Structures are given as C-alpha cells and as structure tokens.
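Chains as they are written, first to last, in my numbering: chain A, 1 to 157; chain B, 1001 to 1147.
Right, dumping it as structure tokens:
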C-alpha cells in the first residue's frame, strides 16, 4: 500500500514533468538563459503550492494517511557541503539540462541520451555512498554558523 | 499531450505531489533520494525496494505514459546542435556524475532541496537552491558565450 502510494505520486510527478517540458533540454536551457520565463514560473508556482499545502497539513495537525504518524519535518542548518555540492550539481544541471527526476522520466520516454546521463549519475551517487561509508565513523560536519547541526542527515533525500 | 502544459497547471500539480507524499506517508519528495535508494539496495544485492525506490519506478512509468501519447525529443538541445554523437555521450556522462555526486553532497536536488526543503524553509535548502540556480545560470551563459 505504501509502495503503491509512492508509485502513484511518482507516476503523476513523472508525467507532469514530461508534459511541462522538463525532460526537454531546450525548455531548461531557454529558462536558465532567461529567454523564456516558463521554467522560473513553473518552479515558483510549484514551490508556492507546496509551501501552502504543507502549511495547511501542519495547521490541521494532520496524520499521515497510510502510516498514522503525525505529519512533521525537520530543517537542516547550512554547511559547506550544501554549497560545494550545489555548485557541482548546478554545473551538471546546466550542461545536461536535466536533473534527477526528469532523467528518470526521460528513461521512461525512451530518450537514448538519458542512458549516458543515468550512467554518470548512478556512478556519482555510488562514489558518494562509498566515500561516506568509509569516513562515516569520524565524520564531523563543518558548519557555516556556530550552531551544531540538529537534524539528522537521514531526513534528507 | 502534444502541447506543453501551461506553467500554472504543471507547477501546482508538481507542488501537490510534494504535499501528497507528505500527507500519505509523511515522507519528503526527492528524486535524488529515490535514485540513491535503488543504488544502495543494488550494491547490497537486495531486490526489495522501499517507498523511495517505488517513487523512482513511478517517475519512469510517468515518462513511459508520456512517451506513448506525447511528442518525442528530436536530438538533444544545444549539445547535439554543437557536438557529434560520442562527444555528447561523454559530456552527458560527466554531467550526470556531477549531478549525482553534487546532489548527494548537497542533500538534495531540484526536488529535494528546491521544492521540498524550501517549502518548509529549511535554511540548508535555501542556501543550496540559491547556489545551484546561480551556478546553472552562470554555466549556461558561459557555455552559450564559448560554444
């Protein structure tokens, strides 16, 4: 049931990303070069909807329908890795004009180029996982501010 | 599906996906986490996927549906306009590695940090999103000027 729900949300997500042109590199490129406002308007309206929707869940003190647990989330303090990682991610995003969600949708569409992007991305994730497994015991995050990190890294996705 | 969905429909539906996953399972929607779940389980030789893995299967399925009814891609944007096939494959593989490693390091991508994290005003996500949007705009203008 839980997996079915995740599948259903993913399917709507993937179809909408595709239909909105997020799997088309020209749409991404035109957005990042400010030739077409579509990308920025699409992103901003998605963010605004998510913001309002999550506030409503919080105000209603909703419980998760399939798990029964109270709807809650944690926030994360910024660290160097958030900047360093995002510089790498932003570079790859601008060159390939796709991010991880649309890469999956491109695979579904049968875009052959997506095989190359997927191979690289899976390799990148694998290298990260191996590296973090090797340094995990003595890992000390370097915080930007002076406050220690409170939220668990496992909460990120 | 031959015409691009209006942004004021597509955007809110994407936002509602973030809300739906939170409301149904109390989980954060993030495509990098979904990929990572599959990579982790594959390297442990496990075949059973968690909810994040099923989110990824859903994403691919959504792409399959669009592939059946929507318009297919001609070439691959600015890359195939400027480079030959194997160069594009190499460039995409390197870009993919930056995407995977970078998003994992930053704790999320456009969906995990850009939507889910920002929607709950997580400071790390706000910093990450400002950084990757700024970098992507800069790199796009740089490559446009150089190529």
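Quick reminder that beta carbons are idealized off the backbone N, C-alpha and C, glycines included.
As the structure is a computational prediction, the values presented were derived from the model and not from experiment.
If the cut-off is 9 angstroms on Cβ atoms, which residues from the stretch 1111–1128 of chain B count as contacting chain A, listed in chain order?
1111, 1112, 1113, 1114, 1115, 1116, 1117, 1118, 1119, 1120, 1121, 1122, 1123, 1124, 1125, 1126, 1127 and 1128
Per-residue DSSP class, three states only, for residue 1040 of chain B
Within the second chain, residue 1040 of chain B is the residue found at index 40, counting from 1. It is helical.
Report, in whole angstroms, the separation of the C-beta atoms of residue 86 of chain A and residue 1119 of chain B, which I expect to be a contact under 8 angstroms.
As a first step, residue 86 of chain A must be located in the first chain, where it is residue number 86. As a first step, residue 1119 of chain B must be located in the second chain, where it is residue number 119. With 8 angstroms as the limit, residue 86 of chain A and residue 1119 of chain B do not qualify as a contact, their Cβ atoms being about 17 angstroms apart.
Residue span of the alpha helix (DSSP H) that contains residue 1054 of chain B, given as start and end:
Here the question's residue 1054 of chain B lines up with position 54 in the second chain. Element bounds for residue 1054 of chain B: 1051–1069.
Tell me where the alpha helix (DSSP H) around residue 1023 of chain B begins and ends.
Counting from one through the second chain, the residue named residue 1023 of chain B turns up at place 23. Here the alpha helix (DSSP H) through residue 1023 of chain B covers 1007–1025.
Going by C-alpha to C-alpha distance, which of B:1001, B:1013, B:1033 and B:1088 sits closest to residue 1106 of chain B?
Locating residue 1106 of chain B in the second chain gives position 106, where the first residue counts as 1. The residue with the shortest Cα to Cα distance from residue 1106 of chain B is B:1033.
Using a beta-carbon distance below 8 angstroms, is residue 71 of chain A in contact with chain B?
If you number the first chain from 1, residue 71 of chain A lands on position 71. At least one chain B Cβ lies under 8 angstroms of residue 71 of chain A.
In three-state terms, what does DSSP make of residue 81 of chain A?
Your numbering for residue 81 of chain A matches position 81 in the first chain. Residue state, collapsed to three classes: helix.
For the pair the stretch 1129–1142 of chain B and the stretch 55–74 of chain A, tell me if three or more CB-CB distances fall below 8 angstroms.
no
For residue 1070 of chain B versus residue 1002 of chain B, is the C-beta distance shorter than 8 angstroms?
Counting from one through the second chain, the residue named residue 1070 of chain B turns up at place 70. Counting from one through the second chain, the residue named residue 1002 of chain B turns up at place 2. Contact: yes.
Measure the beta-carbon distance from residue 109 of chain A to residue 1067 of chain B and round it to whole angstroms, keeping in mind my assumption that it falls under 8 angstroms.
Locating residue 109 of chain A in the first chain gives position 109, where the first residue counts as 1. Locating residue 1067 of chain B in the second chain gives position 67, where the first residue counts as 1. Rounded, the Cβ-Cβ distance is 4 angstroms, consistent with contact.
What residues of chain B sit near residue 61 of chain A, judged by a beta carbon separation below 8 angstroms?
The residue given as residue 61 of chain A occupies position 61 in the first chain. Per Cβ cutoff of 8 angstroms: no residues; residue 61 of chain A is ~12 angstroms from chain B at best.
Quick one: list the residues of chain B neighbouring residue 134 of chain A, beta-carbon separation under 8 angstroms, in chain order.
The residue you call residue 134 of chain A lines up with position 134 of the first chain. Under the 8 angstroms cutoff, chain B gives no residues; its nearest Cβ is about 14 angstroms from residue 134 of chain A.
If I measure Cβ to Cβ from residue 1017 of chain B and keep anything under 7 angstroms in the same chain, skipping five residues before and after, which residues do I get?
Start at 1 with the first residue of the second chain, and residue 1017 of chain B comes out as number 17. Taken in chain order, the residues that qualify are 1029.
Within 8 angstroms, do at least three Cβ pairs link the stretch 1050–1064 of chain B to the stretch 1–13 of chain A?
yes
For chain A, find out if any of its Cβ atoms is closer than 8 angstroms to the Cβ of residue 1144 of chain B; answer yes or no.
In the second chain, counting from the first residue as 1, residue 1144 of chain B sits at position 144. Yes, because at least one Cβ of chain A sits closer than 8 angstroms to the Cβ of residue 1144 of chain B.
By the 10 Å Cβ neighbour count, where 16 or more other Cβ atoms means buried, how is residue 945 of chain B classified, buried or exposed?
The question about residue 945 of chain B has no answer here: the residues shown for chain B are numbered 1001 through 1147.
Start-end ranges of the alpha helix (DSSP H) lying completely within the stretch 25–52 of chain A, minimum 4 residues:
25–32
Cβ of residue 1011 of chain B within 8 angstroms of Cβ of residue 41 of chain A?
Stepping through the second chain from its first residue, residue 1011 of chain B is reached at position 11. Stepping through the first chain from its first residue, residue 41 of chain A is reached at position 41. Cβ atoms of residue 1011 of chain B and residue 41 of chain A: closer than 8 angstroms.
Beta-carbon proximity list for residue 99 of chain A, same chain, < 7 angstroms, skipping 5 on both sides
The sequence position of residue 99 of chain A within the first chain is 99, counting from 1. Within the same chain, residue 99 of chain A has close Cβ partners 93.
Would you list, in sequence order, the uninterrupted beta strand (DSSP E) runs of no fewer than 3 residues that lie entirely inside the stretch 93–118 of chain A?
none
Buried/exposed call for residue 74 of chain A, threshold 16 Cβ in 10 Å:
In the first chain, the residue the question calls residue 74 of chain A occupies position 74. Answer is exposed; the Cβ neighbour count stays below 16.
Residue 1045 of chain B by DSSP, collapsed to three states: which one?
Start at 1 with the first residue of the second chain, and residue 1045 of chain B comes out as number 45. Looking at residue 1045 of chain B - three-state DSSP - the assignment turns out to be coil, as it is neither helix nor strand.
What residues from chain B crowd round residue 26 of chain A, counting only those whose CB sits closer than 7 angstroms?
Counting from one through the first chain, the residue named residue 26 of chain A turns up at place 26. Residues of chain B passing the Cβ test: 1077.
Excluding the 5 residues preceding and the 5 following residue 1113 of chain B in the sequence, name in chain order all residues of the same chain whose CB lies nearer than 7 angstroms to its CB.
Residue mapping note: residue 1113 of chain B aligns to position 113 of the second chain, counting from 1. Answer for residue 1113 of chain B: 1106, 1107, 1125, 1128 and 1129, listed in chain order.
Would you say residue 1082 of chain B lies against chain A (beta-carbon separation less than 8 angstroms)?
Residue numbering aside, residue 1082 of chain B sits at position 82 when the second chain is read from its first letter. Output row for residue 1082 of chain B: interface = no.
Tell me, please, which residues DSSP counts as bridged to residue 63 of chain A.
Here residue 63 of chain A refers to the residue found at position 63 of the first chain. Its beta-bridge partners are A:70.
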